[in-house]
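*Asks:* Before anything else, here's the structure in question.
In the working numbering, the protein residues as written are 873 to 1017.
Dropping the structure here:
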């Protein structure tokens, strides 16, 4: 975080425009497709029993709604990872790790901690072409590109 502030403050001190976009993607915990687990093997080398264990951990969840004395039927969860668990945070981090490649492809500075991402850019001059890259980058992150 200090690095982000240093870049922004340095740009402002030298009268250059700076943009900081803060993204909170906590809802993404609930939207992670369970097919993502296969990426653990291809991108991180997780194999055999460990991969099967993670698949069973992620895919064997059920949910229901309870309101007062009324309870809905139980349904399987087809997306999401458990929040609040150590493994849930680790899986979420692995899921969003491609964001770093997206940010770098736009030459955008970024800092990511769990479900919070800060995108920042300091332009050399007040030229909209220098600053539109952060809009394009945040759109790409939103789309999951």
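Think of the CB as a built atom: it goes at the ideal place given N, C-alpha and C, for glycine as much as any other residue.
1. Return yes when the Cβ of residue 982 is within less than 8 Å of the Cβ of residue 975, no when it is not.
2. To the nearest angstrom, report how far apart residue 937 and residue 945 are at their CA atoms.
3. For residue 906, which residues from the same chain have a beta carbon less than 6 Å from its beta carbon, with the 5 sequence-adjacent residues on both sides left out?
4. For residue 894 and residue 908, what's the separation of their Cα atoms in angstroms?
5. If the criterion is Cβ atoms closer than 8 Å, does the pair residue 994 and residue 880 meet it?
6. Considering only residues of the stretch 890 to 948, which uninterrupted alpha helix (DSSP H) runs meet the minimum length of 4 residues and lie entirely inside it, listed in chain order?
*Replies:* According to the data block:
1. Against the chain shown, residue 975 aligns to sequence position 103. Against the chain shown, residue 982 aligns to sequence position 110. Yes, Cβ-Cβ distance for residue 975 and residue 982 is below 8 Å.
2. As a first step, residue 937 is located in the chain shown; it is residue number 65 there, counting from the start. As a first step, residue 945 is located in the chain shown; it is residue number 73 there, counting from the start. Pairing residue 937 with residue 945, the inter-Cα distance amounts to about 8 Å.
3. Taking the chain shown and counting its residues from 1, the one referred to as residue 906 is at position 34. Contacts found: 930, 931.
4. Translated into the one-based positions of the chain shown, residue 894 becomes position 22. Translated into the one-based positions of the chain shown, residue 908 becomes position 36. Cα to Cα, residue 894 sits roughly 25 Å from residue 908.
5. Here residue 994 refers to the residue found at position 122 when the chain shown is read from its first residue. Here residue 880 refers to the residue found at position 8 when the chain shown is read from its first residue. Here residue 994 is near residue 880, since their CB atoms are less than 8 Å apart.
6. Qualifying alpha helix (DSSP H) stretches, in chain order: 900 to 903, 909 to 916, 920 to 931.
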